[in-house]
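Asker: The structure under discussion is supplied below as structure tokens; questions concerning it will follow.
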Amino acid sequence: FETVHNFHRAMGILQHHDAVTGTEKQLVAFDYAYILNDAISKSMDLMNRALQYISSNDKSSKSNNEPYYTLCLGLNISQCEIVESNDKVLITLYNPYAHEYDFKVRLPWQQSNYKVTGPDGQSVNASIIPIPSFMQDFPGRNSSATHELLFKVRLPGLGIASYFVEKLSANKPAPRLETIMPLPTL
Amino acid sequence: EAPITAQGKGFSASFDSSTGSIQSVSLSNGKVVKLRQKYQWYAGFDSPGTPPSGAYLFRPKGPASGFPGQPTYQIFNSPDCFEVHQNVSEYVSQTMRIYPDDPFIEFDFKIGPIPVGDKVGKEIISLFQTDLKTNKVFYTDSNGRQMMKRVKDFRPTWKYQVIEPIAGNYYPINSRISLQDKDEDIQLVVMTDRSQGGTSLNDGELEIMLHRRLLHDDNLGVDEALNEPGVDGRGLIIRGKHYVLISDIKSSNILHREKGIQLYMAPVLAFAPINSFDEYR
Numbered sequence: 003f004e005t006v007h008n009f010h011r012a013m014g015i016l017q018h019h020d021a022v023t024g025t026e027k028q029l030v031a032f033d034y035a036y037i038l039n040d041a042i043s044k045s046m047d048l049m050n051r052a053l054q055y056i057s058s059n060d061k062s063s064k065s066n067n068e069p070y071y072t073l074c075l076g077l078n079i080s081q082c083e084i085v086e087s088n089d090k091v092l093i094t095l096y097n098p099y100a101h102e103y104d105f106k107v108r109l110p111w112q113q114s115n116y117k118v119t120g121p122d123g124q125s126v127n128a129s130i131i132p133i134p135s136f137m138q139d140f141p142g143r144n145s146s147a148t149h150e151l152l153f154k155v156r157l158p159g160l161g162i163a164s165y166f167v168e169k170l171s172a173n174k175p176a177p178r179l180e181t182i183m184p185l186p187t188l
Numbered sequence: 006e007a008p009i010t011a012q013g014k015g016f017s018a019s020f021d022s023s024t025g026s027i028q029s030v031s032l033s034n035g036k037v038v039k040l041r042q043k044y045q046w047y048a049g050f051d052s053p054g055t056p057p058s059g060a061y062l063f064r065p066k067g068p069a070s071g072f073p074g075q076p077t078y079q080i081f082n083s084p085d086c087f088e089v090h091q092n093v094s095e096y097v098s099q100t101m102r103i104y105p106d107d108p109f110i111e112f113d114f115k116i117g118p119i120p121v122g123d124k125v126g127k128e129i130i131s132l133f134q135t136d137l138k139t140n141k142v143f144y145t146d147s148n149g150r151q152m153m154k155r156v157k158d159f160r161p162t163w164k165y166q167v168i169e170p171i172a173g174n175y176y177p178i179n180s181r182i183s184l185q186d187k188d189e190d191i192q193l194v195v196m197t198d199r200s201q202g203g204t205s206l207n208d209g210e211l212e213i214m215l216h217r218r219l220l221h222d223d224n225l226g227v228d229e230a231l232n233e234p235g236v237d238g239r240g241l242i243i244r245g246k247h248y249v250l251i252s253d254i255k256s257s258n259i260l261h262r263e264k265g266i267q268l269y270m271a272p273v274l275a276f277a278p279i280n281s282f283d284e285y286r
């Protein structure tokens, strides 16, 4: 309850109409982000316990090699330190929507080869797409990723699904990308 | 020089090969709708003695202007996604995205920092132009629930006098704005990822305000101009998304409500380094 209380406090403050509509001054916007981020970071233990409880079929055993999850709050600007610094990453998605949800996952990526495995152990198709240059130099973005790995996940309503993403050092992925350039304009 | 087309769910879109901008949308029922999208900007009102454009006041000095020159672009086409990376000006750029299994076209824009070296405050809009016959009527949502009917230069509850031809027709958009052509049974919906403002000043058109930078205090309480320095002092940069749907009216109303809930309830992604997925499974 203490952890959830942090969220209550944060969302209580962000009820203000400025927070809802984004009309606050920029320094206030930073403060709102700080309050919410603080609540999120303090909730990671709770979130991990919940995910481990949901995903382990033996509720009583406490195996110590449970994955410990973090969030990538910079994913919207193609920044995710865990993906960029690990070759094997587990991604568990929680779907708060009450229906099945086909969701497009985009992860910051270099051009290395990849293997994406779905919850059923089958491999999942993916594409590597360049991040536009004007999005790479976004202020505050500290990521060296120049591409995104795009794949589609299918999430059960009000459920979770885990996907496994692996960087393969073997040769470059088969090109699944066609690039069209404009004709030189006279 | 071949026309550039991309296939979405229930539609295909064609793009102008000289600018990379969208040109038309062909629906699976055979109808073709002209669709143009471009960025424009309003100069903020700034003559002394009269209320200027400011944080609380939207008061453009005149009609919107375009950006000089022609956008440059690159297209990346993969079986999973069709993307147009387009540069409109040194501070306006966007990615247009079409997924084969998605009825929406995504406009992922980045605006700013807005230059004000010319001492002119600017307000940037995204303008969607179609050939739909809409008779001055458009719709904006009220808190993501009911769609409110809006009529240009008109108020349902009092005799409206046009004083601000542009600002007077702007309405709040909480999550979506739409146009309907009842004769053709076609609806254009633009969904936003945050609260914005917008209008339809001409038949078949929708415009949405994206970013503003103004140089005068409108004396309505903030006590300063809407001129934030941003992280590096050059001004604020914003990034956002619009989701555009063109479809017959009935299915459009189903699709945009479903999309609205999905955008609102996006999945939470949690990451963990792991050695063996098989063991985890």
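If you're matching them up, the sequences are chains D and Z in order.
For the first sequence, the numbering used here begins at 3 and goes up steadily by one.
For the second sequence, the numbering used here begins at 6 and goes up steadily by one.
All residues carry an ideal CB built from backbone N, CA and C; glycine is no exception.
Where do the N-terminal and C-terminal ends of the beta strand (DSSP E) with A18/Z fall, by residue?
Answerer: Unbroken beta strand (DSSP E) run through A18/Z: F16 to F20.
Asker: Against M49/D, what residues of chain Z qualify as contacts under a CB-to-CB distance less than 8 Å, listed in chain order?
Answerer: In chain order: A275.
Asker: Would you mind working out which of I168/Z, V121/Z, I191/Z and F109/Z sits nearest F143/Z, comparing C-alpha positions?
Answerer: Selected option, being the one with the closest Cα: I191/Z.
Asker: Determine the burial state of K115/Z: buried for a count of at least 16 other Cβ atoms within 10 Å of its Cβ, exposed for fewer.
Answerer: Buried, since its Cβ has 16 or more Cβ neighbours within 10 Å.
Asker: Give, in chain order, every unbroken run of the beta strand (DSSP E) that is at least 3 residues long and sits entirely within the segment 25-100 of chain Z.
Answerer: Taking only runs of at least 3 residues, the beta strand (DSSP E) segments lying wholly in the segment 25-100 of chain Z are 27-32, 37-48, 77-83 and 86-94.
Asker: Tell me the DSSP secondary structure of M183/D in three-state form.
Answerer: DSSP places M183/D in coil when its eight states are reduced to three.
Asker: Under 9 Å Cβ-Cβ, which residues of chain Z neighbour M183/D?
Answerer: Y78, Q79 and I80, listed in chain order.
Asker: Hey, out of L170/D, T25/D and G14/D, whose CA is closest to N115/D's CA?
Answerer: Nearest of L170/D, T25/D and G14/D to N115/D, Cα basis: L170/D.
Asker: Terminal residues of the continuous beta strand (DSSP E) containing F32/D?
Answerer: Taken as a continuous stretch (DSSP letters only), F32/D belongs to no beta strand (DSSP E), being part of the alpha helix (DSSP H) at Q28 to S43.
Asker: Starting from I182/Z, find everything on chain B with Cβ-Cβ shorter than 8 Å and list it in chain order.
Answerer: The structure shown contains no chain B; its protein chains are D and Z.
Asker: Let's see if you can read the secondary structure: which residues bound the beta strand (DSSP E) around R244/Z?
Answerer: Counting along the chain, the beta strand (DSSP E) containing R244/Z begins and ends at I243 to S252.
Asker: Restricting to Cα atoms, I'd like to know which of E210/Z, I251/Z and R239/Z is closest to R218/Z.
Answerer: When only C-alpha atoms are compared, the closest one is R239/Z.
Asker: Any heavy atom of the ligand ZN closer than 8 Å to the CB of Y47/Z?
Answerer: As presented, the structure is devoid of all ligands, the ligand ZN included, so that no description of it is given.
Asker: Under a CB-based cut-off of 9 Å, is P110/D close to chain Z?
Answerer: Chain Z contact via Cβ: absent.
Asker: So for M270/Z, helix, strand or coil by DSSP?
Answerer: Coil.
Asker: For T204/Z, does the count of other Cβ atoms within 10 angstroms reach 16, so buried, or fall short, so exposed?
Answerer: The residue in question, T204/Z, is buried, as its Cβ has 16 or more Cβ neighbours within 10 Å.
Asker: Between the Cα of V107/D and those of L152/D, A31/D and N39/D, spot the shortest distance and give me the residue it belongs to.
Answerer: It is L152/D whose Cα lies nearest to the Cα of V107/D.
Asker: For V121/Z, I'd like the list of residues in its chain whose CB is within less than 8 Å of its CB, leaving aside the five on either flank, ordered along the chain.
Answerer: Correct list, in chain order: K127, R218, L220, N232 and G240.
Asker: Give the straight-line distance between the Cα atoms of E26/D and D20/D, rounded to the nearest whole angstrom.
Answerer: Spanning the two alpha carbons is a distance of roughly 5 Å.
Asker: Examine chain Z for any beta-carbon lying closer than 9 Å to the beta-carbon of M137/D, and answer yes or no.
Answerer: True, the Cβ-Cβ gap to chain Z drops below 9 Å.
Asker: Give every residue of the same chain whose Cβ lies closer than 7 Å to the Cβ of G159/D, excluding the five residues on either side of it in the sequence, and list them in chain order.
Answerer: Closer than 7 Å at the Cβ level, and outside the excluded window around G159/D, lie N97, Y99, A100, H101 and E102.
Asker: Taking DSSP as the reference, what is the three-state secondary structure of L188/D?
Answerer: Because the pLDDT at L188/D is just 48, under 50, the model does not fix this residue reliably, and the point stays unresolved.
Asker: Helix or strand or just coil, what does DSSP make of A230/Z?
Answerer: In this structure, A230/Z counts as coil in the three-state DSSP scheme.
Asker: Give the residues from the segment 184-200 of chain Z that approach chain D closer than 8 Å (Cβ to any Cβ), ordered along the chain.
Answerer: The residues in question are R199 and S200.
Asker: Which one of Q81/D, Y36/D and F3/D has the shortest CA to CA distance from E150/D?
Answerer: With distances taken between Cα atoms, E150/D lies closest to Q81/D.
Asker: Compare the beta carbon distance of C74/D and F50/Z with 9 Å and say whether it is the shorter of the two.
Answerer: Contact flag unset, no.
Asker: Are the CB atoms of H216/Z and I306/Z within a distance shorter than 9 Å?
Answerer: Residue 306/Z cannot be examined here, being either before or after the span of chain Z that is shown, 6 to 286.
Asker: Going residue by residue through the segment 185-211 of chain Z, where are the continuous beta strand (DSSP E) segments of at least 3 residues, counting only ones entirely within it?
Answerer: With a minimum length of 3 residues, the continuous beta strand (DSSP E) runs that stay inside the segment 185-211 of chain Z are 191-197 and 201-204.
Asker: Going along chain Z in order, which residues have a C-beta closer than 8 Å to the C-beta of Y70/D?
Answerer: Those are A277, listed as they occur along chain Z.
Asker: Grouping DSSP H, G and I as helix and E and B as strand, with all else coil, what is S171/D?
Answerer: Here S171/D sits in coil by DSSP.
Asker: May I ask you to verify whether the segment 125-144 of chain D touches the segment 84-104 of chain Z, counting CB pairs closer than 8 Å and requiring at least 3?
Answerer: Touching, yes.
Asker: By the criterion of Cβ-Cβ separation under 8 Å, what are the contact partners of L170/D in chain Z?
Answerer: The premise fails here: L170/D is roughly 14 Å from chain Z at the closest Cβ pair, so nothing lies under 8 Å.
Asker: Find the nearest neighbour of G235/Z within the set L29/D, Y70/D and G120/D, judged by alpha-carbon distance.
Answerer: Comparing Cα positions, the closest option is L29/D.
Asker: Taking the straight line between their C-alpha atoms, what separation do you get for Q45/Z and L274/Z?
Answerer: Looking at the two C-alpha atoms, the distance is approximately 36 Å.
Asker: Quick one, which of L157/D, A163/D and S146/D has its alpha-carbon nearest S87/D's?
Answerer: Here the closest residue by C-alpha is S146/D.
Asker: For my contact list, L137/Z and V38/Z are in at a C-beta cut-off of 8 Å; report their separation, rounded to the angstrom.
Answerer: Right, their Cβ atoms sit about 7 Å apart.
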